[in-house]
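Before any comments, here is the structure.
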Amino acid sequence: MSRFKNKVVIVTGGGGSLGGSIAEKFVEEGAKVVLLGRTLSSLEEQAEKIDPVGESVLCISTNVLDENELIDAKNKILDSFGDIDILVNAAGGNRKGATINPEQTFFDLSVKDFEGVTQLNLMGTLLPCYIFGKVFADKKEGVILNLSSMAADRVITRVMGYSASKAAAENFTKSLAIEMALKFGEGIRVNAIAPGFFIGEQNRFLLLNEDGSYTERGETIIANTPMKRFGEKNEVAGPALFLCSDEAKFITGTVLPIDGGFSAFSGV
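The opening residue of the sequence shown carries number 316 in our numbering; numbering runs sequentially from there.
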């Protein structure tokens, strides 16, 4: 398939598991992909996996919380490819201090880490939209896809900082979708996907024991997931690319759950 032939796609958090999987699918479908992240070596390692020939991927070390670095990245991308068509905001994550352990209470939470998670998940989404979205506004065309989480909609114990910040990012997604459509026309769309439980380095300690068995929390999640398993990272890429494609050109302000039915299940 080549739905995105010659399209220029930015993926923040491109060195991560979900961001890398989405970037790989874009490359397979003909896009020129720009991986943004703080650690250049991680980006280059990802690029080698998804584009061994080295013709379709550009890596730029960028802090998504630094407006000047984002402006520099925008200029480099425009110099290299001449345009920007799609922005995927996959940068995000959690911090241990913003997670409440079973023996802790709310009052043991690290306010500093809570603020850090909010900065990363909310401002780390807003700032790339603010910088790269201007390119879309100027030409009245472009697609923004943000990564939310089913934790934004469902109350998940222990991860208070992560949940609150993703809920804020989800609200921002809907607000931006309306703002862009009303002010700049139907050619600019803004949506989000809300992955459920996918095992990665940041949440592995919550879901798996050292021997690979499920933790008590992991077992509870599986019990409340009708499909009875965790997601695979490649199961995020397909829905992500659909929302970025012309097949979804009448969809904006939407958050698509990818969670095996977790958010729909009442537990009964």
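Yeah, the Cβ is synthetic: ideal placement off N, Cα and C, and Gly gets one too.
- Distance from the Cα of CYS559 is smallest, within the candidate group ASP423, GLY457 and ALA388, for GLY457.
- For the options THR472, GLY476, VAL474 and LEU462, the alpha carbon positioned closest to that of LYS489 is the one of LEU462.
- With respect to PRO443, LEU385 sits close: the two C-beta atoms are nearer than 8 Å.
- For ILE503 against LYS455, the beta-carbon gap comes to about 7 Å, under 8 Å, which counts as contact.
- ASN436 sits in a helix when the DSSP states are folded into three classes.
- Short of 7 Å from the beta carbon of MET542, and not among the five residues preceding or following it, lie these beta carbons of its own chain, in chain order: GLY575 and GLY576.
- Judged by beta-carbon spacing, LEU355 lies beyond the 8 Å limit of VAL326, meaning their Cβ atoms are not closer than that value.
- Apart from the 5 residues on each side of it in sequence, ASP398 sits with its Cβ closer than 6 Å to the Cβ of VAL323 in its chain, given in chain order.
- Nearest in C-alpha terms to SER317, of all of ASN524, ASP561, PRO417 and GLY568, is ASP561.
- With a threshold of 16 other beta carbon atoms within 10 Å, LYS364 falls short and is exposed.
- The beta-carbon distance between THR433 and VAL474, rounded to whole angstroms, is 13 Å. This is too long to meet the 8 Å contact definition.
- Shortest Cα-Cα distance from ILE459 to any of GLU501, GLN361 and LYS548 involves GLU501.
- Around the beta-carbon of GLY511, 16 or more other beta-carbon atoms lie within 10 Å, marking it buried.
- Per DSSP, reduced to three states, the secondary structure at ALA479 is helical.
- Ranked by Cα distance from VAL450, the first of PHE520, ILE392, LEU437 and PHE557 is ILE392.
- Taking LEU571 as the centre and dropping the five residues before and after it, the same chain places the C-beta of ASN506, ALA507, ILE508, ALA509, PRO554 and LEU558 closer than 8 Å to its C-beta, in chain order.
- Check the Cα spacing between SER357 and each of GLU343, GLU494 and GLY330: the tightest is with GLY330.
- C-alpha of ALA362 to C-alpha of CYS374: approximately 8 Å in a straight line.
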